[in-house]
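The next block holds one structure in the form of structure tokens; read it before the comments.
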Amino acid sequence: MRLVTYNIQYSRGKDDQFDIARVVDAVKDADIIALQEVDRFWLRTGMVDQPAEIAVRYLYLGDFVRHESAPSTR
């Protein structure tokens with residue numbers, strides 16, 4: 001069983017582009033994936049629901065945990 005934890009930095013790559021497919025492709029062979037810094041309806045990522053987009057593209061089941069104590073960076 002492969003467990004992967006990955007801080008995707010809201011899907012922004014080294015080239016400063018937002019690309020969920022590229023990020024998730026890096027962990028596609030894992031059995032369990034724990035992603036951090038995944039945006040949901042934030043302006044900086046175009047109001048995209050990244051958890052839903054990941055689930056649709058890769059047919060993963062998942063859950064989203066909101067970090068209530070984090071400062072807002074919207």
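So the sequence shown is numbered by UniProt numbering: it starts at 1 and just counts up by one. Glycine residues also receive a C-beta, built at the ideal position from the N, C-alpha and C atoms. A quick note: this is a predicted structure, and the numbers were derived from the prediction, not measured.
What do you reckon, are the CB atoms on residue i and residue j nearer than 8 Å?
i	j	result
leucine 35	isoleucine 8	yes
arginine 2	alanine 30	yes
With burial defined as no fewer than 16 other Cβ atoms inside 10 Å of the residue's Cβ, what is the status of residue i: buried or exposed?
i	result
valine 56	exposed
isoleucine 32	exposed
Considering residue i, what are the terminal residues of the beta strand (DSSP E) in which it resides?
i	result
tyrosine 6	3-7
Can you find the residues in the same chain that come closer than 7 Å, C-beta to C-beta, to residue i, ignoring five residues on each side of it along the sequence?
i	result
aspartate 49	Arg40, Phe41
tyrosine 58	Val24, Lys28
aspartate 15	none
Looking at the structure shown, is residue i part of a helix, part of a strand, or coil, going by DSSP?
i	result
lysine 25	The question names lysine, but residue 25 is aspartate in the sequence shown. Residue state, collapsed to three classes: helix.
alanine 34	strand
How far does the alpha helix (DSSP H) with residue i in it reach, from first residue to last?
i	result
arginine 57	50-58
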